[in-house]
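Novice:
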Amino acid sequence: MNYIEKHPKLIQFIFLLVIFFTICFLVSPSETNILWRLPSLFAGVPLVINNFAEYLMYDWMLIEIYDPELEEYEDSALVKEITRSFSRSVLFCIEVIRDILLGGVKTIVAFTSWDFVKENQWAVWPALPWTLVASGVMLLGYALKGKGLALFAGFATVYIAVFGQWEPAMETLSFVLIAAPTSCLLGLLFGVLAYKNRTVEATLMPLLNIAQTMPHFSYLVPVMVFFGVGDHAGAIATIIFATPPMIRLTLLGLKGVAPEVVEAGMMNGCNNIQLMFKVLIPTARRDILIGINQVIMQCLAMAVIASFIGAKGLGFNLLLALNQLRIGQALELGICIVLIAVVLDKLSLAWANKQTDYFADLSFIQKHKYGFYFLALILFTIMCAYLGSIIFADGINYLYLIPHNRGITTELFWQSGVDWMVDNWYHGLQGFNTALIVKVLMPMKAAFLGMPVSATFVLMMGLGYIIGGTKSALTVGGFLLFIALTEWWDRALITAYMTTFGVIVSVIIGVTVGSLCAQTSFTSKAILLVCDTFQTFPSFIYLIPVIMLFGVTDTSVLIAVIVYSTIPATRYTVEGLRNVPQSLQDAGSMSGVNRMQRWLKIEMPLAFPHIMLGINQTVIFALFMVIIGAMIGTDDLGQYILKALSDKNGIGNGLMLGLCVAFIGLAVDHLIHTWADQRKLILGLK
Amino acid sequence: MISQSKSNSTAQPVIKCVSVCKIFGENANKLLKQSNGVIDAKTFQDAGCVVGVNNASFEVHKGEMLVVMGLSGSGKSTLLRCISRLADTTAGDIFIDGQDLLAMSSKQLIELRRNKMGMVFQNFALLPHKTVLENIAFPLQVKGYGTEDSIKRAVEMVELVGLNGRENYFPRELSGGQQQRVGIARSLAVEPDIWFLDEPFSALDPLIRKEMQDEFLRLQGVLNKTILFVTHDFNEALRLADRIAIMKDGVIEQLDTPANIVLNPATEYVRKFTKEVPREKVLKIESVMDPIEKITDFGSLKVSRNAIIETVAEAILTEQKNVAVVDDNGAVIGSIHASKIIQILFGNSDSFEQSK
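Sequence order for the protein chains is A and B. So the first sequence is numbered by my numbering: it starts at 1 and just counts up by one. So the second sequence is numbered by my numbering: it starts at 687 and just counts up by one.
(1) Quick check on DSSP: helix, strand or coil for K471/A?
(2) Suppose the cutoff is 6 Å on Cβ atoms and the five residues either side in sequence are ignored; what does the same chain contact list for N910/B look like?
(3) DSSP beta-bridge partners for I290/A?
(4) By DSSP, does K702/B sit in helix, in strand, or in coil?
(5) Counting only beta-carbon atoms, is F824/B nearer than 8 Å to chain A?
(6) Along chain A, which residues have their Cβ under 8 Å away from the Cβ of M751/B?
(7) Could you tell me how far apart the beta carbons of G629/A and V557/A are, in whole angstroms, since I believe they sit closer than 8 Å?
(8) Could you name the residues of chain D that P282/A contacts, counting a contact when the two beta carbons are closer than 9 Å?
(9) Taking 8 Å as the cut-off, decide whether the C-beta atoms of V176/A and I309/A are in contact.
(10) Is the Cβ of V530/A closer than 8 Å to any Cβ of chain B?
(11) Leaving out five residues on either side along the sequence, give the residues of the same chain with a beta carbon under 6 Å from the beta carbon of L280/A.
(12) Answer with yes or no whether the minimum CB distance from Q1040/B to chain A is below 8 Å.
(13) Whole angstroms are fine: how far does the CA of T499/A sit from the CA of V661/A?
(14) Roughly how many angstroms lie between the CA atoms of V998/B and D935/B, to the nearest whole one?
(15) Could you compute how far the alpha carbon of Y955/B sits from the alpha carbon of Q597/A?
(16) How many whole angstroms separate the CB atoms of S990/B and D884/B, which I take to be in contact at a CB cut-off of 8 Å?
(17) If you measure from the beta carbon of I796/B to each beta carbon in chain A, is any gap under 8 Å?
(18) Would the beta-carbon of A518/A fall within 8 Å of that of R578/A?
(19) With DSSP as the reference, label R929/B as helix, strand or coil.
(20) Tell me, to the nearest whole angstrom, how far the beta carbon of P878/B is from that of K802/B; I am working on the premise that it is less than 8 Å.
(21) So what does G104/A bridge to, in DSSP terms?
(22) Do I814/B and R858/B have their C-beta atoms within less than 8 Å of each other?
(23) Can you give the Cα-Cα distance for Q864/B and S836/B, rounded to whole angstroms?
(24) Looking at the unbroken beta strand (DSSP E) that takes in E745/B, where does it start and where does it end?
(25) Are the beta-carbon atoms of G464/A and S472/A separated by less than 8 Å?
(26) Taking 8 Å as the threshold (beta carbon to beta carbon), is R285/A in contact with chain B?
(27) May I have the straight-line CA-CA distance separating I382/A from P129/A, to the nearest angstrom?
(28) Under 8 Å: do the segment 324 to 342 of chain A and the segment 410 to 417 of chain A share three or more Cβ pairs, one atom per stretch?
(29) Does the beta-carbon of M297/A have 16 or more other beta-carbons within 10 angstroms, so that it is buried, or is it exposed?
(30) So, does the segment 211 to 223 of chain A touch the segment 617 to 626 of chain A, judging by three or more C-beta pairs under 8 Å?
(31) Pull up the distance between the alpha-carbon of Q617/A and that of I467/A, whole angstroms please.
(32) Straight-line CA distance for L188/A to G265/A?
(33) Residue range of the alpha helix (DSSP H) that Y142/A falls in?
(34) Answer yes or no: does any C-beta atom of chain B fall closer than 8 Å to that of N268/A?
(35) For L941/B, which residues does DSSP report across the bridge?
(36) Cβ of N699/A less than 8 Å from any chain B Cβ?
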């Protein structure tokens, strides 16, 4: 009795489970039974969205536009003209960078005309030799940080060139160099606005929540409708996707600045602008730099996804290689993307951390030595390229530009490796694969699909009520109701089943590994480094090795999900356990706890709220990966989003599906956050 | 000391507060209008407001150091924030050199802070991304100085606070005492007339705190600024202050010289602080000497009227006769006997007060 009184929530929970299973048994599957499945009342909404988008694009606010080719005025919709000119300017920026890196005529065309370029053979912008770009990046690395970064940058660029991926890599780089700075600036701008103005913050927050839980794919359709197809569309989709984390982290950083520091700035006579740029933003630098890192990672993760709407470069080739199951090539391309991501990240970090030496009394030449070095590099590499044109007179000038796929490749090696594994391990792998699918996945999927909608609602809303009262129950219920009223409830259940499976396995692995590694400071540092490294890889990279082993099946997707989402589970476990106050550890030691007791009675209860936040991240990561898994074939929401891409009227479907995924994530997020916050309050950690 | 503040009172005070009130809460202004200027903390509390500063009036003159002392929540930091206008004042007037501070536009305020005010913070409030030198040069750069000028001046300041050799360290690489030296140097870089210090030594270890207080007194000896110093440490207040304002629940309980506060605590609350204070360390000879008429028979020992009792006690105790107390010019203005010193050193503080 005493136990029950102490744990009223436990009783509530058991009671909830009893009701849940009773409903599951009592409600019979039938099309008309409202307790089994809700009618898809929202089925018409996508059409309304489609019509609205079309009206906006073609019929709303007609204005007269002069058409230079027909030499007369035409009626055109305002929105269309705005998006079109916006697309053009983005495309122009991308092409300028691309022309500088790879040569071409597009910039010249933009200022003159195609005819002019055709008539004048000389009007071609020459590409920079790859040696110049490579050594330039090395010099930049050296100037910003030192030898280490220079060597790493050199390795990365030489790798890309040697493996014959120079051209696609520069294409990718050209749109990343537009998208990443734009995202950072926009994120900073909105972050500052939200910091300054509570109304802006209140409006922005729910939007950010949705934006950060919407899968990458669902941004593509609206972008495609409004901005068309091509590199600029890819860049715009990337900007839309990469800005939210930057906004959030900027706001977080600014809010974390100690009030005393702000006061010190004010007392030193800063005006508002000085206060923002000299005090607040630099002091919040740690979080803002994490934001920039996130932006760069998102940009390169989008490199592949943006290729669905016509962005050229590494991502496009990677997608092709994946579709053709050319594992070796996909791996090489994946490494290229990771290298670009890491180099950009390290360079931006080094730039932000750069110090000035006020005491150095430098001569003019010393002050501008890197400029002179760069001039020397230009001369040297051009001479090399010229020499190359003599040495390789007949074939490819390897010292100027290495054309696509003309470098060395290790594809054969990987392919034979895959073949060898298939030959030798086929039965083992296939046996595991079949057993997993037949014994675990299929029954689990059937169980999820066999759940009446009323039971799901009772379970989730009941959990919400137990954790956070009526408000939480209604919030979660609202998210679920939206999904239940669309025509994709079954698909959402499949997504939920895959995510649940991935999360369960990830959490078991993550918490175990994390707990073991947290025992000593050396292993915890090592595992955090491993987590950092793995987090640098764009998400789809994880798909490559698993396809290699398991082919195109649910198993592949799930293993990728598990690998990807184990990272946050592990990281948060280690952080949570390591952050248990030393005084408590000492108190435990003096009470004579053994290792197991220490873990169970001291560390775990205190670290648990933090670990739950890790599990929250795990859920979001898993959800994203399940959706990305659509690229190699699943039958959940992700697949339908992918289908919406090729549909002319996909915008409505794409948005609704994206919202469905976002709402699954938000419902879980809400429950875990509410719980963890309460728990932290009780433990006095907040 | 008393004569000094008298001579200053004719000149314009540097800081002048008239009935300053600071009330936190949304409907503070409405309540204030209803209350007709008489603030009862309880009425406000019931309405969901918190009274930070309640009807504070005082003046600080040029070169004077006023220490505002109070426990946490007494409103001492709030008062300082009102005078530096980091917090908005709910009611009352504040004048800086005769100018109405509360009527200033934000532009005028920025000018005032850039040229006349310096502030030191409890937790140092250094900019984490700037080195020692850059932190000190920061107010100058904000003011519009070029890099070369501001760094040159910052180097001088580094020398003043004794941080030579650590110019290129980041705040995180310094100890607490060193960080506060940077904070002090930064607040002095623009050569302000008014120096605000908000519990500058509270976050430091006791030994370092003592060292920093000495350093602070040395600096003040050189610079002679007008100072508003906030602390929760009564002994620190006694050690540094020309005058002390003791605050409780937003009200200034007593504002007087350290000696007068120790000798004549105005309220029961103030008495609690003074009870534990060793008088010989605070009081000067002049505040315990007997008038000159009584005695004419002096020994050879003479003590200055400004000497702290503790420093001359041993000499007086070894003297059999009355000891003459002299002023700065050497003229005898009073006398003191060993028995009086014994009473101060070993007597009960209550009986001491009564005997006066």
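Beta carbons are placed, not taken as given, at the ideal position from N, Cα and C, and that holds for glycine.
Specialist: Judging by the given coordinates:
(1) Taking the first residue of the first sequence as position 1, residue 471/A is located at position 471. K471/A: helix per DSSP, three-state reduction.
(2) Residue numbering aside, residue 910/B sits at position 224 when the second sequence is read from its first letter. Contacts found: G749.
(3) As a working note, residue 290/A is residue 290 in the first sequence. Paired residues: none, contrary to the question.
(4) Position 16 of the second sequence, counted from the start, is the residue given in the question as residue 702/B. In the structure shown, K702/B sits in a strand (DSSP, three-state: E or B).
(5) Position 138 of the second sequence, counted from the first residue, corresponds to residue 824/B. Yes, contact with chain A.
(6) Taking the second sequence and counting its residues from 1, the one referred to as residue 751/B is at position 65. Residues of chain A passing the Cβ test: none, with the nearest at roughly 19 Å.
(7) Within the first sequence, the letter at position 629 stands for residue 629/A. Within the first sequence, the letter at position 557 stands for residue 557/A. Contact flag correct, Cβ pair sits at about 3 Å.
(8) You won't find chain D in this structure, because its protein chains are A and B.
(9) What you label residue 176/A is simply residue 176 of the first sequence in a count that begins at 1. What you label residue 309/A is simply residue 309 of the first sequence in a count that begins at 1. Their beta carbons are not under 8 Å apart, which means V176/A does not touch I309/A by this criterion.
(10) Taking the first sequence and counting its residues from 1, one reaches residue 530/A at position 530. No - not a single Cβ of chain B is within 8 Å of the one on V530/A.
(11) Start at 1 with the first residue of the first sequence, and residue 280/A comes out as number 280. Cβ within range, chain order: L254 and V257.
(12) Stepping through the second sequence from its first residue, residue 1040/B is reached at position 354. Its pLDDT being 42, under 50, Q1040/B is placed unreliably by the model, and nothing is read from it.
(13) Locating residue 661/A in the first sequence gives position 661, counting from the first residue. Locating residue 499/A in the first sequence gives position 499, counting from the first residue. When rounded, the distance between both Cα atoms is 11 Å.
(14) In the second sequence, the residue the question calls residue 998/B occupies position 312. In the second sequence, the residue the question calls residue 935/B occupies position 249. So the two alpha carbons sit approximately 39 Å from each other.
(15) Taking the second sequence and counting its residues from 1, one reaches residue 955/B at position 269. Taking the first sequence and counting its residues from 1, one reaches residue 597/A at position 597. Rounded to whole angstroms, the gap between the alpha carbons of Y955/B and Q597/A is 50 Å.
(16) On the second sequence, position 304 is the one that residue 990/B refers to. On the second sequence, position 198 is the one that residue 884/B refers to. For S990/B against D884/B, the beta-carbon gap comes to about 34 Å, at or over 8 Å, which does not count as contact.
(17) Position 110 of the second sequence, counting from 1, holds the residue named residue 796/B. For I796/B, the answer is yes, since a Cβ of chain A falls inside 8 Å of its Cβ.
(18) Here the question's residue 518/A lines up with position 518 in the first sequence. Here the question's residue 578/A lines up with position 578 in the first sequence. Result yes, Cβ atoms of A518/A and R578/A sit closer than 8 Å.
(19) As a position in the second sequence, residue 929/B is number 243, starting the count at 1. In the structure shown, R929/B sits in a strand (DSSP, three-state: E or B).
(20) Along the second sequence, read from residue 1 onward, the residue named residue 878/B stands at position 192. Along the second sequence, read from residue 1 onward, the residue named residue 802/B stands at position 116. About 5 Å separates the two Cβ atoms, so the contact holds.
(21) Residue mapping note: residue 104/A aligns to position 104 of the first sequence, counting from 1. G104/A is bridged to W125/A.
(22) To locate residue 814/B, count along the second sequence from 1; it is residue 128. To locate residue 858/B, count along the second sequence from 1; it is residue 172. Residue identity check: residue 814/B is Pro in the sequence provided, not Ile. Cβ distance < 8 Å, so P814/B and R858/B count as in contact.
(23) One-based indexing of the second sequence puts residue 864/B at position 178. One-based indexing of the second sequence puts residue 836/B at position 150. For Q864/B and S836/B, the distance between alpha carbons rounds to 21 Å.
(24) Your numbering for residue 745/B matches position 59 in the second sequence. E745/B -> beta strand (DSSP E) spans V736 to V746.
(25) In the first sequence, residue 464/A corresponds to position 464, counting from 1. In the first sequence, residue 472/A corresponds to position 472, counting from 1. Yes, they are a contact pair.
(26) Residue numbering aside, residue 285/A sits at position 285 when the first sequence is read from its first letter. R285/A counts as touching chain B.
(27) Within the first sequence, the letter at position 382 stands for residue 382/A. Within the first sequence, the letter at position 129 stands for residue 129/A. In a straight line, the C-alpha of I382/A is about 7 Å away from that of P129/A.
(28) yes
(29) Within the first sequence, residue 297/A is the residue found at index 297, counting from 1. Looking at its Cβ environment, which holds 16 or more other Cβ atoms inside 10 Å, M297/A is buried.
(30) yes
(31) Locating residue 617/A in the first sequence gives position 617, counting from the first residue. Locating residue 467/A in the first sequence gives position 467, counting from the first residue. For Q617/A and I467/A, the distance between alpha carbons rounds to 19 Å.
(32) Numbered from 1 along the first sequence, position 188 holds the residue referred to as residue 188/A. Numbered from 1 along the first sequence, position 265 holds the residue referred to as residue 265/A. Spanning the two alpha carbons is a distance of roughly 20 Å.
(33) Taking the first sequence and counting its residues from 1, one reaches residue 142/A at position 142. Its alpha helix (DSSP H) spans residues W130 to L144.
(34) As a position in the first sequence, residue 268/A is number 268, starting the count at 1. Yes, because at least one Cβ of chain B sits closer than 8 Å to the Cβ of N268/A.
(35) Residue 941/B sits at position 255 when you count from the first residue of the second sequence. Answer by DSSP bridge pairing, in chain order: A931/B.
(36) Outside the displayed range of chain A (1 to 686) lies residue 699/A, so it cannot be described from this structure.
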